Structures are given as C-alpha cells and as structure tokens.
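Numbering (the working numbering), first residue to last: 12 to 257.
Each residue gets a CB set at the ideal place from its N, CA and C atoms; glycine is no exception.
Since we're looking at a predicted model, the values are computed, not measured.
First the structure, in the form of structure tokens, and then the observations on it.
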Amino acid sequence: MLCPPDVAFEKRHFKRRDGNKVVPPSIALVAGLESGFLFKLSAVEDVARRGQFPGLLTEDEFLLMCEESEHIRDAYAMAKHLVALAPDGIFTRATLQETAGKVGSTQDTLSVEEVDALFNALDSDNRGYVSVDEFMDALYGEEGREAMREIRREYMRRKIEVEGEPIVEDEANPEADAEAEAEAEARARAEAEAEARAEAEARARAEAEARARAEAEARARAEAEARARAEAQRPPPPKQKAGCGC
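Written out as structure tokens, the structure is:
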C-alpha cells in the first residue's frame, strides 16, 4: 500500500559520510511514486541543484516537494500514468531509459547512471523487469489490480471503436479477465527476459572485447619493451682496425 513520504524516503535514502540522509533525483522519483506523488524529473533536479547538497535531496527537501505536489490517492489515476510510461505493462532497463523522461517535459531525460539506480530500486528481486501490475498491487492492493483491469477494458473498448466493430457489453467475467491478464503478463515477461538476456550478452561481449584489447595492448607494450631492452643490451659492433698504409 501507499506509504507516508517520510517512510518512502527512509526506505530509499543513503547516508553521506557526514551522517546526512539524502536521495538522488532518480530515487526521489521512486520514493514519490511509493508515497503517491508524480514528480517531474526537471522539478526534482531543480530542487536538488538549489538544495543543501547540490545534486541530492535531503529528507526535508523531499518532504517539502511532497507537500507542494498533488497527492495521487486515486489508484485509477496512478494506473493511467504508469500505463502511459509502460504500455506493455513491463519496465525493463532499456524501456525505462526511453520512457522515464516522459514523466515531465521532453527535456526531462535520465542519464544511464540514473536509469540504473532507478531500475535497481524498482527491480528489488533482480528479475530484469518490473511488472506494472505488481507495482500497483504493492501500492494499492486489490484497488490497484482493479484499476489496471479497468484501464485494459477501456483500451479494448477504444480499440473496437477505432476498428469499427460493434461494442458488446458482456457481463463481468473476472476469471476471463484474470486469464487474459496472465497471458499478457506472461508474454511481456518472456519479452522482458529475452531483452534482459540480450542486454547481458551484449555487456558480456563488450567486456570480453575490452579485455581482449587490453591484453593485446599489454602484449604489444611488453614486446616493445623487450625489443628496447634487447637493443640496449646488444654489444656495439667491433671497430675496424686502421690500415697500415703500406
């Protein structure tokens, strides 16, 4: 369920060497979501720039942002926001990089380092993806799950209207809804896992190539040094004796 802002901050903060508790802007976005606030990245960064520790937010600065922001108590409003960020219902590290900036203006973009920090905070069990349904369930419980179902029903109604097919209002069928949701989530999870594997393989290849380059450069340096030593140790050629002039 949604937690108070001070609890969200306490869960996400890290402590500076001087003992002050702080969060970077990317983690402030997570703490804000967990306490029911939708921050613009640019607004968070502006507060961090002007704050006590430039680039970071103290607890007081974070709580003040919450006080000055609209609290999203409505699970439906939160679900609409999250679905806009992740239409397929799944966040991966790559999709988060593309969509995190859309919280605010088009200039609100996260750096690679910030995306890593944000994703690691959300993906607490290291699966390589984050389910919007699970996130809503954690924030709102059954109300969150029902909000996601309603969002999907609205999407299907709009799709039918656009495609020109008649809309038939069936009786609610929770079992069918749950089955459809499970299938959609399974597909999204499989895609996310494949993407995570591809990212891991790409990182492994890049690391292997970097190691190979480093080893080749080290060998080249060692060979150059060996040649230089050999040249230095080679005795000079014998001097020719001067002729007798006979």
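Asked: What is the residue span of the alpha helix (DSSP H) that residue 32 lies within?; Found: Element bounds for residue 32: not the alpha helix (DSSP H) but the beta strand (DSSP E), 32 to 34.
Asked: Mapping DSSP to helix, strand and coil, what is residue 142?; Found: strand
Asked: Express the C-alpha separation of residue 232 and residue 127 in angstroms, rounding to a whole number.; Found: 36 Å
Asked: Using 8 Å for Cβ pairs, my map puts residue 132 next to residue 41. What's the rounded Cβ distance?; Found: 5 Å
Asked: Which of the three DSSP states, helix, strand or coil, is assigned to residue 82?; Found: strand
Asked: Would you report the Cα separation of residue 47 and residue 136, rounded to the nearest angstrom?; Found: 22 Å
Asked: What did DSSP end up calling residue 52 once you bin it into helix, strand or coil?; Found: helix
Asked: In terms of alpha-carbon separation, which member of 26, 103 and 241 lies closest to residue 140?; Found: 103
Asked: Between the beta-carbon of residue 156 and the beta-carbon of residue 147, is there less than 8 Å?; Found: yes
Asked: Does residue 23 pass the burial test, meaning 16 or more other C-beta atoms within 10 Å, or should it be called exposed?; Found: buried
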